[in-house]
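Chains V and S supply the protein sequences, listed in that same order. Per our numbering, the very first residue in the first sequence carries number 1; after that it's consecutive. Per our numbering, the very first residue in the second sequence carries number 114; after that it's consecutive. The C-beta atom is built at its ideal place from N, Cα and C for all residues, glycine as well. Everything below concerns the one structure shown next.
2 protein chains.
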Amino acid sequence: MSVDPTAPLLPRDAVPLFAALGDSTRLSLLSRLQDGQPHAIVELTQGSGLTRQAVTKHLRVLERARLVISQREGRETRYVFDATGLNEARSYLEMASLQWDRAIDRLRLFVED
Amino acid sequence: MSVDPTAPLLPRDAVPLFAALGDSTRLSLLSRLQDGQPHAIVELTQGSGLTRQAVTKHLRVLERARLVISQREGRETRYVFDATGLNEARSYLEMASLQWDRAIDRLRLFVED
DNA sequence: TTTATATGCAACCATAAGGTTGCATATTGT
DNA sequence: ACAATATGCAACCTTATGGTTGCATATAAA
């Protein structure tokens, strides 16, 4: 009953992933987490122009999309970048791109008759 | 005043792109357009379980994200897949992935002292 | 043991998003 | 000319979504 890590991402799972990426606040949170270091919520709130609770909500959206991981450390919750979601999104788009290339090839063959 | 086609996608432009991909209806519309053929709105409405107007709105979102192109042909509007948006999204994620790899390398070096 | 920090939870708000219905209009088919 | 198609536009509805404030609670610092 485990999940095949090499299985292609279903459109159904891609939706929340792309939706998570489709927000400027979350995109900038992700870029701040790209250093690979754990960041506490208060820290991520700094300079965001938002309240801590708003940032918390965004981080949870990112976590459900497997773009970040949260870990409680004492009184603070640290968030770390997680490449899982990023790789899933990448492979989904690569698949789409391949399909597109094949479609183009078929069209070309069809025209060349 | 023209746009450099090789310029990296700004996060600002990536947001509407990912947001466009973050909806199941639009994702399935895109897959139907992957055959490279122009499809009229009525046709795309078939089997969507939605009204023509709803589908029209989705198609316009996709068009603003440069994922499809519309062309009026007589009394019907045909939509065709456009790889521009797809490639922009791909390159954005590839960039992010590269940055992540570099961050990991730095962390590894730091740890190995 | 106070006091200050860092969060979680819940209620609430305004606006954006996804959908629908109704009506007008330009093309195509009879 | 007349009927049938394929759309566009606009108004309206409902529900997410992005944000906020207020309050309770656990942990760290004085």
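Tell me which residues share the same chain as V/Ala14 and place their Cβ nearer than 6 Å to its Cβ, disregarding the 5 neighbours each side in the sequence. What you label residue 14 of chain V is simply residue 14 of the first sequence in a count that begins at 1. Here the set comprises Tyr92.
V/Glu88 and V/Arg66: beta carbons closer than 8 Å? In the first sequence, the residue the question calls residue 88 of chain V occupies position 88. In the first sequence, the residue the question calls residue 66 of chain V occupies position 66. A contact, by the Cβ cut-off of 8 Å.
Range covered by the beta strand (DSSP E) that runs through S/Thr190: As a working note, residue 190 of chain S is residue 77 in the second sequence. That run of the beta strand (DSSP E) goes 189-194.
Please check if any C-beta of chain V sits within less than 8 Å of the C-beta of S/Val128. Stepping through the second sequence from its first residue, residue 128 of chain S is reached at position 15. With 8 Å as the cut-off, S/Val128 counts as an interface residue toward chain V.
Figure out for me which residue from S/Leu130, S/Leu142, S/Ala133, S/Asp136 has the closest Cα to the Cα of S/Phe194. On the second sequence, residue 194 of chain S is found 81 positions in, with the first residue counted as 1. Residue S/Leu142 is the option with its Cα nearest to S/Phe194.
Quick one: measure Cβ to Cβ for V/Ala19 and S/Leu199, integer angstroms, because I've assumed they're closer than 8 Å. If you number the first sequence from 1, residue 19 of chain V lands on position 19. If you number the second sequence from 1, residue 199 of chain S lands on position 86. That pair is no contact at about 17 Å.
Nearest to V/Leu33 by CA position, among V/Lys57, V/Pro16, V/Gly22, V/Ser70, is which residue? Indexing the first sequence from 1 puts residue 33 of chain V at position 33. Measuring from the Cα of V/Leu33, the nearest candidate turns out to be V/Ser70.
Within 10 angstroms of its Cβ, does V/Arg102 collect 16 or more other Cβ (buried), or is it exposed? Residue numbering aside, residue 102 of chain V sits at position 102 when the first sequence is read from its first letter. The residue in question, V/Arg102, is exposed, as its Cβ has fewer than 16 Cβ neighbours within 10 Å.
CA-CA distance, V/Arg60 and S/Arg188? In the first sequence, the residue the question calls residue 60 of chain V occupies position 60. In the second sequence, the residue the question calls residue 188 of chain S occupies position 75. When rounded, the distance between both Cα atoms is 47 Å.
Would you kindly report the start and end of the unbroken alpha helix (DSSP H) that includes S/Ser137? Taking the first residue of the second sequence as 1, we reach residue 137 of chain S at position 24. Its alpha helix (DSSP H) spans residues 137-146.
Reduced DSSP secondary structure (H/G/I, E/B, other) of V/Gln46: Taking the first sequence and counting its residues from 1, the one referred to as residue 46 of chain V is at position 46. Coil.
Sheet register partners of V/Ala40 (DSSP bridge): In the first sequence, residue 40 of chain V corresponds to position 40, counting from 1. For V/Ala40, which the question treats as bridged, DSSP gives the partners V/Arg78.
If you check the beta carbons only, do S/Leu236 and S/Thr138 fall under 8 Å apart? Nothing about residue 236 of chain S can be read from this structure; chain S reaches only from 114 to 226.
Over the uninterrupted alpha helix (DSSP H) stretch that includes V/Ile64, give me the two end residues. Taking the first sequence and counting its residues from 1, the one referred to as residue 64 of chain V is at position 64. Sequence check: residue 64 of chain V is Arg here, not Ile. Counting along the chain, the alpha helix (DSSP H) containing V/Arg64 begins and ends at 52-64.
Restricting to Cα atoms, I'd like to know which of S/Asp136, S/Lys170, S/Gly149, S/Ile217 is closest to V/Ile104. On the first sequence, residue 104 of chain V is found 104 positions in, with the first residue counted as 1. Ranking the options by Cα distance to V/Ile104, first place goes to S/Gly149.
Contact set between the segment 31-47 of chain V and chain S, restricted to residues whose Cβ is under 9 Å from the partner: Ser31, Gln34, Asp35, Gly36, Gln37
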